[in-house]
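**Q** In my numbering, the protein residues as written are 5 to 663. Positions of the beta carbon are idealized from the N, C-alpha and C atoms, including for glycine. Please see the structure below; I have some questions.
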Amino acid sequence: MYSFENERLDLNMRINDFVESLTLKEKFKLLSGTRYWWTKPIRRLRIPRMGMSDGPNGVAYHSSFRKNTQFPVTKCLASTWDKQLAERVGVAMGEEVRAVNKHILLAPGINIDRTPLNGRTFEYFSEDPFLTKEMAKPFVKGLQSQNIGACIKHYAANNQEFKRYTINALIDERTLHEIYLRSFEDIVKNTNPWSFMACYNKVNGFHGCENPHLIQDILFNKWKFDGFVMSDWFATRFTSTTGCINAGLSLEMPRTIIYKKKSLLSALDENQITEERIDELLKRMVKIMIKTEVFKKKIARGRRNTEEHRQLAQKIAEEGIVLLKNEGILPLNSSKELKIAIKGRNTNKKMGKFNYGGSSAVIPPFEITPLNGIGVRTHIKLVKDPKEADYVIIFTGLNHGKHEDAEGFDRLQLHLPEEEEKMIMETCEKNPNTIVVLINGGPIAMEKWLNAVPAVIEAWYPGMMGGHAIAKVLFGDINPSGKLPITFPKKIDDSPAHTNPDTYPGDKQVHYREGIYVGYRYFDKFNIEPLFPFGFGLSYTTFEMSTCELDKEIVTREEIITIKINIKNIGMVSGAEVVQVYVSDVESSVDRPQNELVGFAKISLQPQEEKVLCIPVRIEDFAFWDVSIHDWKVESGEYRLRIGSSSRSIIFEKIIMVE
Ligand code: BGC
5 MYSFENERLD LNMRINDFVE SLTLKEKFKL LSGTRYWWTK PIRRLRIPRM
55 GMSDGPNGVA YHSSFRKNTQ FPVTKCLAST WDKQLAERVG VAMGEEVRAV
105 NKHILLAPGI NIDRTPLNGR TFEYFSEDPF LTKEMAKPFV KGLQSQNIGA
155 CIKHYAANNQ EFKRYTINAL IDERTLHEIY LRSFEDIVKN TNPWSFMACY
205 NKVNGFHGCE NPHLIQDILF NKWKFDGFVM SDWFATRFTS TTGCINAGLS
255 LEMPRTIIYK KKSLLSALDE NQITEERIDE LLKRMVKIMI KTEVFKKKIA
305 RGRRNTEEHR QLAQKIAEEG IVLLKNEGIL PLNSSKELKI AIKGRNTNKK
355 MGKFNYGGSS AVIPPFEITP LNGIGVRTHI KLVKDPKEAD YVIIFTGLNH
405 GKHEDAEGFD RLQLHLPEEE EKMIMETCEK NPNTIVVLIN GGPIAMEKWL
455 NAVPAVIEAW YPGMMGGHAI AKVLFGDINP SGKLPITFPK KIDDSPAHTN
505 PDTYPGDKQV HYREGIYVGY RYFDKFNIEP LFPFGFGLSY TTFEMSTCEL
555 DKEIVTREEI ITIKINIKNI GMVSGAEVVQ VYVSDVESSV DRPQNELVGF
605 AKISLQPQEE KVLCIPVRIE DFAFWDVSIH DWKVESGEYR LRIGSSSRSI
655 IFEKIIMVE
């Protein structure tokens with residue numbers, strides 16, 4: 005037995021022994037991947053390969069060649085605002101990765117939604133760094149509890165698909181840290197993720213894989229990340245051997261491009277890189293090979309496609325669906341015989357297909373479409389003509405095709421395809437009881453048709469059980485409780501990145517001129533009325549928040565305060581509410597947003613039930629990035645806490661003093 009195989013030895017000894025056992029040629033071999041999803045095995049030393057799998061919605065087909073549980077997309081998970089669900093789905097995905105004999109899941113994707121047109125909006129959590137980190141942390145924790153490594157991607161500022169391989173994102177220091185790196189930092193410091201994926205694009209002049217500032221200075225030195233960094237697939241094409249070794253890239257994926265023997269040898273000969281540096285990068289990776297049990301002979305078997313995972317997929321969809329508009333028409337009566345006409349391009353569309361949406365595509369063994377979900381209801385009669393129907397339900401949205409929520413292509417417009425808009429309008433003329441259900445991954449402009457319809461539901465891409473979840477919401481078995489993790493603008497020009505062609509889409513460069521004013525921070529500052537604000541979502545019941553108390557009003561920077569809210573369900577059905585806490589610095593030495601999310605909690609209440617909801621808020625989260633000290637700073641003085649049910653419906657305001 006080699007010492008590195010000996011589980012009884014200390015981790016560092018095993019790591020050192022591993023690297024010392026390798027010849028220079030074997031070291032080179034380990035620096036790049038093979039067969040798309042694997043590290044290279046070294047037979048002489050019985051070193052097995054470590055395997056990876058996409059992606060954020062479950063174990064993707066192309067990286068496992070198996071059908072697996074298709075969970076709702078990340079945007080839907082984020083809309084639940086439910087950290088426990090995020091942890092549970094992390095555990096479940098870990099079990100599925102294990103069941104296909106892989107070691108790392110290429111997830112979560114935590115880039116910030118800078119523009120709603122980003123083709124991968126569906127794969128990311130939010131426009132807000134706080135919500136992103138609070139939901140991503142439990143996901144990582146759950147996943148890694150199964151000894152499956154998370155791969156936090158795409159580091160960093162991969163915020164558009166247009167020219168994603170080459171575009172140079174120009175971002176000032178404060179914005180970079182305060183908006184685009186904040187969740188990466190918090191995840192590193194609090195959940196110890198095992199790997200990172202470096203992005204394709206450039207950030208301030210350097211591609212992700214050879215960006216010494218992002219990897220060596222910030223990730224390694226400042227945040228003390230002790231996992232390893234791999235490239236995005238083929239991202240090294242645009243970089244150099246020396247640049248990547250010196251920046252800190254341990255593994256180029258999916259195959260050798262720049263970490264070739266010849267290039268590495270000549271870089272060593274010319275003293276552009278050192279063997280110690282290569283050893284250090286390999287040690288980072290070996291540590292994770294040990295943690296993910298690559299060397300273990302007997303490992304616990306995983307589980308995939310279980311009933312439990314399907315139920316979890318359905319639960320996330322049920323909690324993530326957002327009710328955007330309801331003029332009393334929903335829920336539909338489930339005790340009466342109803343005539344329903346169904347229309348729209350997503351009525352019976354399966355979204356779990358090869359390459360749908362790109363690398364995150366999971367193909368499930370079966371998929372409940374909206375039509376299947378409605379079809380199992382016995383009390384309804386489907387009719388063709390909207391005029392004959394009691395209600396019309398239109399299942400529309402986008403479809404993961406090119407320019408419609410797909411990797412590699414940004415969307416070309418904020419609104420639905422014109423034919424769908426026209427169809428909605430024509431249907432409403434025939435039958436005003438028309439309900440629109442959107443199946444898509446990000447904001448949709450609705451100005452043309454919103455007034456004509458009495459109800460709109462955002463169902464996101466709800467996964468393999470989505471049709472059941474949607475039907476349950478429509479018929480009131482489930483009371484919707486999802487809240488938007490992203491602002492829905494009225495029109496694309498209202499959106500912060502869309503003031504000028506060089507702020508989006510850019511060409512060689514894209515200027516992040518809006519600075520820290522991304523998402524609701526921008527809409528609030530410039531007083532722009534969104535179509536639906538951040539944090540918004542309706543319910544079939546009404547919640548009343550009567551009192552709000554803080555456990556302290558004078559605090560220090562290290563403290564956590566607890567906000568206690570008395571909340572009552574004053575309606576007729578049970579439901580859940582997400583209470584949100586926003587902060588603003590009353591007197592600040594720098595320009596700061598009017599509202600920044602710093603806390604939230606979700607509570608379920610039966611009709612007439614009243615409870616005290618406690619929301620912990622960390623004063624550290626009040627910090628801004630101070631460019632004079634290149635670090636976070638919480639200034640002393642007064643802060644205003646604004647507490648409510650969305651970023652634009654604030655019920656309580658409280659002042660606290662930070663000493
Ligand atoms: C994507 C990554 C993905 C990788 C492997 C890339 O094109 O950007 O998110 O993990 O492919 O499929």
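With respect to the beta strand (DSSP E) encompassing H515, which residues constitute its N-terminal and C-terminal limits?
**A** Your numbering for residue 515 matches position 511 in the sequence shown. Element bounds for H515: Q513 to H515.
**Q** Can you give me the Cβ contacts of L328 inside the same chain, cut-off strictly under 6 Å, excluding the 5 residues immediately before and after it?
**A** The residue you call residue 328 lines up with position 324 of the sequence shown. Answer for L328: V460, E462 and F536, listed in chain order.
**Q** Could you tell me the distance, in whole angstroms, from the CA atom of V192 to the CA atom of P505?
**A** Walking along the sequence shown from the start, residue 192 turns up at place 188. Walking along the sequence shown from the start, residue 505 turns up at place 501. In a straight line, the C-alpha of V192 is about 34 Å away from that of P505.
**Q** So for L416, helix, strand or coil by DSSP?
**A** By 1-based counting over the sequence shown, the position of residue 416 is 412. L416: coil per DSSP, three-state reduction.
**Q** From this set, I222, S608 and F32, which residue's C-alpha is nearest S270's C-alpha?
**A** The residue you call residue 270 lines up with position 266 of the sequence shown. Measuring from the Cα of S270, the nearest candidate turns out to be F32.
**Q** Who are the near neighbours of E214 in its chain, counting only those whose CB is closer than 6 Å to its CB and skipping five residues on each side?
**A** Along the sequence shown, one-based indexing puts residue 214 at 210. Correct list, in chain order: T243, G247, C248 and A251.
**Q** In the DSSP assignment, the beta strand (DSSP E) including G697 goes from what residue to what residue?
**A** Residue numbering for the chain in the displayed model covers 5 to 663; residue 697 lies beyond these limits and cannot be assessed.
**Q** Run the CB neighbour count on L218, radius 10 Å, all protein chains shown included, and call it buried at 16 or more, exposed below.
**A** Counted from its first residue, the sequence shown places residue 218 at position 214. Counting Cβ neighbours within 10 Å, L218 comes out buried, since at least 16 surround it.
**Q** Just tell me which of C618, L386 and I654 has its CA closest to the CA of D555.
**A** Locating residue 555 in the sequence shown gives position 551, where the first residue counts as 1. It is C618.
**Q** Just tell me which of K568, S608 and Q584 has its CA closest to the CA of G575.
**A** Along the sequence shown, one-based indexing puts residue 575 at 571. Checking every option, the nearest Cα to that of G575 belongs to S608.
**Q** Using C-beta distances below 6 Å, list every residue in its chain close to L342, excluding the 5 sequence neighbours before and after it, in chain order.
**A** Stepping through the sequence shown from its first residue, residue 342 is reached at position 338. Result list for L342: I384 and D394, in chain order.
**Q** To which residues does DSSP link I607 through a beta bridge?
**A** Position 603 of the sequence shown, counted from the start, is the residue given in the question as residue 607. For I607, which the question treats as bridged, DSSP gives the partners E581.
**Q** What span of residues does the beta strand (DSSP E) with V460 cover, start to end?
**A** Numbered from 1 along the sequence shown, position 456 holds the residue referred to as residue 460. A459 to E462 is the span of the beta strand (DSSP E), which, as asked, contains V460.
**Q** With a threshold of 8 Å, are at least 3 pairs of Cβ atoms found where one atom belongs to the stretch 311-321 and the other to the stretch 461-477?
**A** These segments touch.
**Q** So is H502 in contact with chain B if we call contact Cβ pairs under 8 Å?
**A** Protein chains in the displayed structure number just one, and chain B is not present.
**Q** Note down, in chain order, each residue of its chain lying with its Cβ closer than 6 Å to the Cβ of T136, except the 5 sequence neighbours on either side.
**A** Counting from one through the sequence shown, the residue named residue 136 turns up at place 132. Result list for T136: I114, F129, S130 and S187, in chain order.
**Q** Using only CA atoms, which one of V144, I303, E411 and I633 lies nearest to Q88?
**A** Along the sequence shown, read from residue 1 onward, the residue named residue 88 stands at position 84. The shortest Cα separation from Q88 among V144, I303, E411 and I633 belongs to V144.
**Q** Does the separation of the CB atoms of P258 and G480 fall below 8 Å?
**A** Reading the sequence shown from its first residue, position 254 is the one you call residue 258. Reading the sequence shown from its first residue, position 476 is the one you call residue 480. In this structure, G480 does not lie closer than 8 Å to P258 by Cβ.
**Q** Could you check what DSSP says for F479 in three-state terms: helix, strand or coil?
**A** The count along the sequence shown starts at 1 and reaches residue 479 at position 475. F479: coil per DSSP, three-state reduction.
**Q** Out of T195, N151, K157 and T560, which has the shortest C-alpha to C-alpha gap to R305?
**A** Locating residue 305 in the sequence shown gives position 301, where the first residue counts as 1. Cα-wise, what sits closest to R305 is N151.
**Q** Rounded to the nearest angstrom, what separates E562 and V602 at their Cα positions?
**A** Mapped onto the sequence shown, residue 562 falls at position 558. Mapped onto the sequence shown, residue 602 falls at position 598. Roughly 14 Å between the two C-alpha positions.
**Q** Compute the distance between the beta-carbons of D589 and E624, then report whether it is under 8 Å.
**A** Mapped onto the sequence shown, residue 589 falls at position 585. Mapped onto the sequence shown, residue 624 falls at position 620. No, these two residues do not count as a Cβ contact at 8 Å.
**Q** Using 8 Å as the threshold, is the C-beta distance between P133 and I108 below it?
**A** Here the question's residue 133 lines up with position 129 in the sequence shown. Here the question's residue 108 lines up with position 104 in the sequence shown. Not in contact: P133 and I108 (Cβ atoms no closer than 8 Å).
**Q** On the DSSP bridge assignment, give the partners of R288 in chain order.
**A** If you number the sequence shown from 1, residue 288 lands on position 284. Note: R288 sits in no beta bridge, so no partner.
**Q** Candidates D414, T438, N205 and I448: which alpha carbon is nearest P421's?
**A** By one-based count along the sequence shown, residue 421 stands at place 417. With distances taken between Cα atoms, P421 lies closest to I448.
**Q** Who pairs with L442 in a beta bridge, going by DSSP?
**A** Position 438 of the sequence shown, counting from 1, holds the residue named residue 442. Partner(s): T400 and E462.
**Q** Measure the Cβ-Cβ separation of P489 and S25 and say whether it is below 8 Å.
**A** Locating residue 489 in the sequence shown gives position 485, where the first residue counts as 1. Locating residue 25 in the sequence shown gives position 21, where the first residue counts as 1. Not closer than 8 Å, so no.
**Q** Roughly how many angstroms lie between the CA atoms of V366 and S593, to the nearest whole one?
**A** One-based indexing of the sequence shown puts residue 366 at position 362. One-based indexing of the sequence shown puts residue 593 at position 589. C-alpha separation (whole angstroms): 48 Å.
**Q** Between the stretch 351-365 and the stretch 511-531, do at least 3 Cβ pairs fall closer than 8 Å?
**A** With the cut-off at 8 Å, the stretch 351-365 and the stretch 511-531 do not touch.
**Q** Mind listing, in chain order, the continuous beta strand (DSSP E) runs of no fewer than 3 residues lying wholly within the stretch 210-293?
**A** Whole beta strand (DSSP E) segments, 3+ residues: 232-235.
**Q** I294 and P458 - do their beta-carbons sit closer together than 8 Å?
**A** Position 454 of the sequence shown holds residue 458. Position 290 of the sequence shown holds residue 294. Not closer than 8 Å, so no.
**Q** To the nearest whole angstrom, what separates the beta carbons of V23 and D283, a pair I think is in contact under 8 Å?
**A** If you number the sequence shown from 1, residue 23 lands on position 19. If you number the sequence shown from 1, residue 283 lands on position 279. Contact flag correct, Cβ pair sits at about 5 Å.
**Q** Using C-beta distances below 8 Å, list every residue in its chain close to I277, excluding the 5 sequence neighbours before and after it, in chain order.
**A** To locate residue 277, count along the sequence shown from 1; it is residue 273. So the list reads T245, T246, I249, N250, L268 and A271, once near-sequence residues are dropped.
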